[in-house]
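Only one structure is covered here, and it is reproduced in the block below.
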Amino acid sequence: RRGATGPELRRAALTGVLLLGGQGMATVALTELSASLTAILAASNALWAAVFARIAGIPMTRATVLRLVLGFAGIAIVVLSAPDAAVGGSTLAVAAALGSSVLWGLGTVVAAHGGALPRDPLVAGTAQLLAGGLLLLVLAAVAGQLAPSAWEDASARSAGAAVFLLAFDSLAGFLLYTS
30 RRGATGPELR RAALTGVLLL GGQGMATVAL TELSASLTAI LAASNALWAA VFARIAGIPM
90 TRATVLRLVL GFAGIAIVVL SAPDAAVGGS TLAVAAALGS SVLWGLGTVV AAHGGALPRD
150 PLVAGTAQLL AGGLLLLVLA AVAGQLAPSA WEDASARSAG AAVFLLAFDS LAGFLLYTS
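Counted the way the working numbering counts, the sequence shown spans residues 30 to 208.
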């Protein structure tokens, strides 16, 4: 095994910030949007990835463009035909959900075509998780979510569930994904 170079680690950190930043924005959006609308908006990830791939000069076949157009048309039909309860929410939350998809699409293209990542998936994933997690931690602190008063109403059961998801569920998912 060879160690990762500085440029490889920086590329992994950048993709971590984009991917986890996007995931964080989706989580924030879910506080004010229905899960169905957030899922519909998240379906635009492929469209954004295609847009950024084209900007980067990556060619696409006509069949790929056709599939993207049909997929986007499907998203539009679902949004336009959904009941008001399924698509309601604040403009800022909708922007956060769309921003999430933009960041995720950009992160996908950067990870796949933006230069070398560390060859060891454990090193690459660790750099991505640390960079993205640090960004989310800083944003949570700025938003006041780390203040003791923000946790006063949390039950022991809720705190235990959060610890489980943070430690064991994330670790298991990460190990399964990188193995």
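All C-beta atoms in this analysis are idealised placements derived from N, C-alpha and C, irrespective of residue type, glycine included.
#1: Looking at the C-beta of THR137, does it have a partner C-beta in chain B at a distance below 9 Å?
#2: Here's the rule: buried if 16 or more other CB atoms are within 10 angstroms of the residue's CB, otherwise exposed. What is ALA122?
#3: Along the alpha helix (DSSP H) that carries ALA102, what are the first and last residues, could you check?
#4: Is ALA191 closer than 9 Å to ALA213 when the C-beta atoms are compared?
#5: Output the distance between the C-alpha atoms of LEU127 and ALA71, rounded to the nearest integer angstrom.
#6: Near THR34, what residues of its chain come up, given a Cβ to Cβ distance below 6 Å and the 5 sequence neighbours on each side ignored?
#7: Per DSSP, what kind of secondary structure is ASP198 in: helix, strand or coil?
#8: Between GLY100 and ALA75, how many whole angstroms is the CB-CB distance? I'm expecting something under 8 Å.
#9: Report yes if the CB atom of VAL46 is closer than 9 Å to the CB atom of ALA125, and no otherwise.
#10: Any idea if GLU181 is buried or exposed, counting beta-carbon neighbours within 10 angstroms, 16 or more meaning buried?
#11: At which residue ranges does the region 123-205 contain complete alpha helix (DSSP H) runs of 4 or more residues, listed in the order of the chain?
#12: Would you mind working out which of ILE69, GLY162, ILE84 sits nearest ILE106, comparing C-alpha positions?
#13: Which stretch, first to last residue, makes up the alpha helix (DSSP H) that contains PRO36?
#14: Can you grab the Cα-Cα spacing for the pair GLN157 / HIS142, in whole Å?
#15: Verify whether the separation of the beta carbon atoms of SER73 and ILE104 is less than 9 Å.
#16: According to DSSP, is ILE87 part of a helix, a strand, or is it coil?
#17: Taking the alpha-carbon of SER65 as reference, which of ALA102, GLY118, GLU37 has the nearest alpha-carbon?
In short:
#1: Reference to chain B is not applicable here, since this structure consists of a single protein chain.
#2: buried
#3: 91-110
#4: Outside the displayed range of the chain (30 to 208) lies residue 213, so it cannot be described from this structure.
#5: 7 Å
#6: none
#7: helix
#8: 7 Å
#9: no
#10: exposed
#11: 150-171, 185-193
#12: ILE69
#13: 35-58
#14: 16 Å
#15: yes
#16: coil
#17: GLY118
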